[in-house]
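Number of protein chains: 2
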Amino acid sequence: SKDKLQKVAKLLQFKAQLGGDEGKHVFVLKTAKGTRDYNPKQMAIREKVFNIIISCFKRHGAETIDTPVFELKETLTGKYGEDSKLIYDLKDQGGELLSLRYDLTVPFARYLAMNKITNIKRYHIAKVYRRDNPAMTRGRYREFYQCDFDIAGQYDAMIPDAECLKIVYEILNELDLGDFHIKVNDRRILDGMFAVCGVPDEKFRTICSTVDKLDKMAWEDVKKEMVNEKGLSEDVANRIGEYVSMQGGQDLAEQLLQDPKLSQNKQACAGLTDMKLLFSYLELFQVTDKVVFDLSLARGLDYYTGVIYEAILSQTIPAPAEQNGADEAAVSVGSVAGGGRYDGLVGMFDPKGRKVPCVGVSIGIERIFSIMEQKAETSSEKVRTTETQVLVASAQKNLLEERLKLTSELWNTGIKAEVLYKKNPKLLSQLQHCEETGIPLVAILGEQELKDGVVKLRNVASREEVDVPRADLVDEIKKRTL
Amino acid sequence: SKDKLQKVAKLLQFKAQLGGDEGKHVFVLKTAKGTRDYNPKQMAIREKVFNIIISCFKRHGAETIDTPVFELKETLTGKYGEDSKLIYDLKDQGGELLSLRYDLTVPFARYLAMNKITNIKRYHIAKVYRRDNPAMTRGRYREFYQCDFDIAGQYDAMIPDAECLKIVYEILNELDLGDFHIKVNDRRILDGMFAVCGVPDEKFRTICSTVDKLDKMAWEDVKKEMVNEKGLSEDVANRIGEYVSMQGGQDLAEQLLQDPKLSQNKQACAGLTDMKLLFSYLELFQVTDKVVFDLSLARGLDYYTGVIYEAILSQTIPAPAEQNGADEAAVSVGSVAGGGRYDGLVGMFDPKGRKVPCVGVSIGIERIFSIMEQKAETSSEKVRTTETQVLVASAQKNLLEERLKLTSELWNTGIKAEVLYKKNPKLLSQLQHCEETGIPLVAILGEQELKDGVVKLRNVASREEVDVPRADLVDEIKKRTL
Chain A
1 SKDKLQKVAK
11 LLQFKAQLGG
21 DEGKHVFVLK
31 TAKGTRDYNP
41 KQMAIREKVF
51 NIIISCFKRH
61 GAETIDTPVF
71 ELKETLTGKY
81 GEDSKLIYDL
91 KDQGGELLSL
101 RYDLTVPFAR
111 YLAMNKITNI
121 KRYHIAKVYR
131 RDNPAMTRGR
141 YREFYQCDFD
151 IAGQYDAMIP
161 DAECLKIVYE
171 ILNELDLGDF
181 HIKVNDRRIL
191 DGMFAVCGVP
201 DEKFRTICST
211 VDKLDKMAWE
221 DVKKEMVNEK
231 GLSEDVANRI
241 GEYVSMQGGQ
251 DLAEQLLQDP
261 KLSQNKQACA
271 GLTDMKLLFS
281 YLELFQVTDK
291 VVFDLSLARG
301 LDYYTGVIYE
311 AILSQTIPAP
321 AEQNGADEAA
331 VSVGSVAGGG
341 RYDGLVGMFD
351 PKGRKVPCVG
361 VSIGIERIFS
371 IMEQKAETSS
381 EKVRTTETQV
391 LVASAQKNLL
401 EERLKLTSEL
411 WNTGIKAEVL
421 YKKNPKLLSQ
431 LQHCEETGIP
441 LVAILGEQEL
451 KDGVVKLRNV
461 ASREEVDVPR
471 ADLVDEIKKR
481 TL
Chain B
1 SKDKLQKVAK
11 LLQFKAQLGG
21 DEGKHVFVLK
31 TAKGTRDYNP
41 KQMAIREKVF
51 NIIISCFKRH
61 GAETIDTPVF
71 ELKETLTGKY
81 GEDSKLIYDL
91 KDQGGELLSL
101 RYDLTVPFAR
111 YLAMNKITNI
121 KRYHIAKVYR
131 RDNPAMTRGR
141 YREFYQCDFD
151 IAGQYDAMIP
161 DAECLKIVYE
171 ILNELDLGDF
181 HIKVNDRRIL
191 DGMFAVCGVP
201 DEKFRTICST
211 VDKLDKMAWE
221 DVKKEMVNEK
231 GLSEDVANRI
241 GEYVSMQGGQ
251 DLAEQLLQDP
261 KLSQNKQACA
271 GLTDMKLLFS
281 YLELFQVTDK
291 VVFDLSLARG
301 LDYYTGVIYE
311 AILSQTIPAP
321 AEQNGADEAA
331 VSVGSVAGGG
341 RYDGLVGMFD
351 PKGRKVPCVG
361 VSIGIERIFS
371 IMEQKAETSS
381 EKVRTTETQV
391 LVASAQKNLL
401 EERLKLTSEL
411 WNTGIKAEVL
421 YKKNPKLLSQ
431 LQHCEETGIP
441 LVAILGEQEL
451 KDGVVKLRNV
461 ASREEVDVPR
471 ADLVDEIKKR
481 TL
């Protein structure tokens, strides 16, 4: 029967897909889990974002370095705590044991120690790798860019720290992502606060992790975790609760320096004094309108030793179409930049433990890409993926040679030009190519134009045409495509 | 005794270095074998080279894409023949089996098939990975850049092929690496030649590999390999020898079309007819002065199906100091670009075997970096690693706030400015920073200047100083650092 034949056909198809011993192997056409290709449109957006960010880094006098995508496994060992399980290892094919880099900060510290560099202001934009559960619709991948700016060196307090915040401010302004604010705090203030609230020393880091969840959880739930899971008493938790609800500016730092308990703690005083100084520099840099001293900011990473900060966009973005679940209908974009001071990390790599103080910031470039892509999709303006200024075309047959010759002349003067790879393309298909790719001008050749020594220059948008003497063509194209 | 104590101390130190269970582990401070960091100076050179190459690709209307650094292992399987053993595999940590990309061509073909793209002109610059024996002093690494430009699509013969050659010509000219020539040949001409010389069909590819060695070996040795290792008769080898010694241009193609034997072979005729056509387009593109039709060019890769080419620099470069061995004292730089037509590769990924004809070129960017680095070292001009236009400085104490304020004003207008992170730096150390990093201008603030509403602008090279009204400072800096 027909039914039976169909069933057999389906089974055979299924077998072929499985790739039997004798059957032709069928490729699985996909990228690795959690990774993606960037198509030309995404690359155009990526280039625009990188240009803004790199310009800012260069404006601040930064150099750039690059490190290999993999490191000796032991270079990464012991740097990421529990997250170490997310590191990609390479197969042991004989030789060294290698792992893909997990961030750019550890390779940076390794680079400084290895080359005995005690002073550098550098940026590094490159991909890092984490075997995380990908949430790709929210812009989280297993291969993703990090974009780091760091200042290493022994300097006077808070000056490089203030510059990092100025940089975040400039970049978020120029990317035009809407309103934002930057939270700042200091690990020494947090530690001092934990001490005066009665948290035992050995619980500082784990309580810090719990405080870090305040941006996603209500205080009541954070408190529950402190009491039920981390074993703090209600009293201690309540005291922490009072502090972490505080937000302000320089005034709050001054007020807390008068706090009867905090003022007795050496760590807290050092942090608060520096916070005051930081705000005075931020005032000079004219960025205090977006900066908030927020005692609930804790940051995840263990290696911070001083000031910490995080930039948050105010807008929420609509969830992409593929994503359902009512509670995720509109997700807060959240943190788009973060960083802080880490004075101990380089010393971990130095055989003699020599310290190189560092402060830096990481721009959350993947989230920014996501936002820019969504903006581009809702915008009426088309994203161009090429920069071609002119298409060399013809309405008549047998003019391929003339088209190629003119195109070559234009390339030689630096004009970005294209020509269709057909002997006799139709004028309509040549114009369509311009419409589709956004080429603004067409240089049209015909027998008459060749005889007259002119080229018909057509504005694609307005459809206006004008004869331009061949000798003036380059200047005319430049003038019209500034 | 003192001696004994010292011995014990040494043993303890040694034990600590070995990293006993309880001892502190000492890191091996190095990058993985065959890889390197790029320092700021190398990055500055890299950026310059990339800018020239990318400008050229954009001038020709190319888009760009990016693909992940690893692919499913099976995507790479069966594409590289014997070289497959050089592929880096990732450790099986549960989930998919992955490998680091070995080149950019296979990921490109996978991308086209996966997205059903039949038409694209794209470039892709990214790192690829090969577990080769590194010869780092000659610019060969296990992690290195590839820089590919490809045109995919069904077009009229030889037009995109000619554009690829035009691109190689433009890039090598602009990089200013001295004289060069581009060899071209066609796989169909090679196969036809093998056929009329009497090479059995099944030996075409292996004899092709032997011919490919003619750029490094004398004909006599190549012939020996053909006869002794590959089993050709003396006669057959001698006939090949006559052909592969031929070089010329369009004229040679015409001459060979009259060759009594070659003209009887369909493949050879198709190749030679296309070669004639190619040269007519190269004439229009004004690049024939550097292009040679060379029957000895074979290229290593299996997947080429038509025209192939390779660009060779004429200069030899002195070997780097670390390298000894008299025979390597001066190495020929050799091939710095190569490519060809591969009409079958995308079809290998398409479930229905649909073909997408492709032609492309790969720029040997690592060799170019090496040459540029050596040029920079012998040149008197210093490579700048930052673009800073001005350092904001002071000769007097207690002017940190004023320096920060002015620096911030300059940043806000787009001026690239630096300020030392010290409360009271010496003028000398501020000037030294400019000398070392090539900053051309210093904006000096003092009590008098602040009172007068001016800034003392100093030219670092000439040491000339002039008072500039604060309102004119930005324009003055821009004028002087165009």
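For the record, the sequence lines run as chains A and B. Residues in the first sequence are numbered consecutively from 1, following full-length UniProt numbering. Residues in the second sequence are numbered consecutively from 1, following full-length UniProt numbering. Yeah, the Cβ is synthetic: ideal placement off N, Cα and C, and Gly gets one too.
| query | result |
| --- | --- |
| CB contact check: proline 160/B to chain A, cutoff 8 Å | yes |
| Span separating the alpha-carbon of isoleucine 87/B from that of serine 394/A | 48 Å |
| Contiguous alpha helix (DSSP H) assignments of at least 4 residues, all confined to the stretch 174–221 of chain B | 187–197, 204–211 |
| Given threonine 305/A as reference, the closest of Val222/A, Pro260/A, Cys208/A once Cα atoms are compared | Cys208/A |
| Any C-beta of chain B under 8 Å from that of residue 483/A | With chain A running from 1 to 482 in the structure shown, residue 483/A is simply not present. |
| Chain B residues whose Cβ lies nearer than 8 Å to that of threonine 386/A | Lys58, Gly61, Ala62, Glu63 |
| Valine 244/B vs leucine 278/B beta-carbon contact at 8 Å | no |
| Member of Gly300/B, Lys352/B, Glu476/B whose CA lies at the smallest distance from the CA of arginine 205/B | Gly300/B |
| Chain B residues whose Cβ lies nearer than 9 Å to that of valine 69/A | Thr35, Val69, Leu100, Lys127, Tyr129, Glu143 |
| Alpha-carbon to alpha-carbon, tyrosine 169/B and asparagine 412/A | 11 Å |
| Contacts of glutamine 93/B in chain A (Cβ-Cβ under 8 Å) | Tyr88, Asp89, Arg131 |
| Cutoff 8 Å: tyrosine 309/A Cβ touching any chain B Cβ | no |
| Under 8 Å by beta carbon: chain B residues contacting arginine 122/A | Pro40 |
| Proximal residues of chain B, C-beta to C-beta of leucine 76/A below 7 Å | Simply none; closest approach about 11 Å. |
| Runs of alpha helix (DSSP H) lying entirely within the stretch 261–327 of chain B, each at least 4 residues, in chain order | 266–284 |
| Same chain only: Cβ atoms within 7 Å of serine 263/A, ignoring 5 sequence neighbours per side | Leu257, Cys269 |
| Cβ-based contacts, 7 Å cut-off: residues of the stretch 420–439 of chain A near chain B | Tyr421, Lys422, Lys423 |
| CB of isoleucine 65/B within 8 Å of CB of cysteine 147/B, strictly | no |
| Buried/exposed call for alanine 330/B, threshold 16 Cβ in 10 Å | Confidence at alanine 330/B is low in this model, with a pLDDT of 41, below 50, so its placement is unreliable and the value that follows should be read with caution. Exposed: under 16 other Cβ atoms inside 10 Å. |
| Rounded separation between valine 49/A and glutamine 389/B - CA only | 23 Å |
| Identified DSSP bridge partners for glutamate 465/A | Arg458/A |
| Nearest-angstrom Cα separation, counted from glutamate 254/A out to glutamate 242/A | 17 Å |
| Three-way DSSP call (helix, strand, coil) for leucine 441/A in this model | strand |
| CB contact flag (threonine 67/A, proline 107/A, <8 Å) | yes |
| Same chain, Cβ closer than 7 Å to residue 486/B, five either side skipped, listed in chain order | Outside the displayed range of chain B (1 to 482) lies residue 486/B, so it cannot be described from this structure. |
| Sequence-distant residues of the same chain with beta carbon closer than 6 Å to residue 485/A, five excluded per side | Because chain A here runs from 1 to 482, residue 485/A falls outside it and cannot be looked at. |
| Glutamine 146/A (DSSP reduced to helix, strand or coil) | strand |
| Amino acids of chain A, ordered along the chain, whose beta-carbon sits closer than 9 Å to that of glycine 414/B | Ser55, Arg59 |
| At least three beta-carbon pairs within less than 8 Å, the stretch 378–392 of chain A to the stretch 433–446 of chain A | yes |
| Whole-angstrom distance between lysine 127/A and aspartate 350/B, CA atom to CA atom | 29 Å |
| Distance between beta carbons of tyrosine 102/B and arginine 142/B, contact taken as under 8 Å | Contact doesn't hold; Cβ gap of about 11 Å is too wide. |
| Residue span of the beta strand (DSSP E) that contains tyrosine 123/A, given as start and end | 120–129 |
| Same chain, Cβ closer than 7 Å to proline 469/A, neighbours up to 5 away in sequence not counted | Gly453, Val454 |
| For arginine 341/B, the three-state DSSP class (helix, strand or coil) | strand |
| Delimiting residues of the beta strand (DSSP E) encompassing alanine 417/B | 417–419 |
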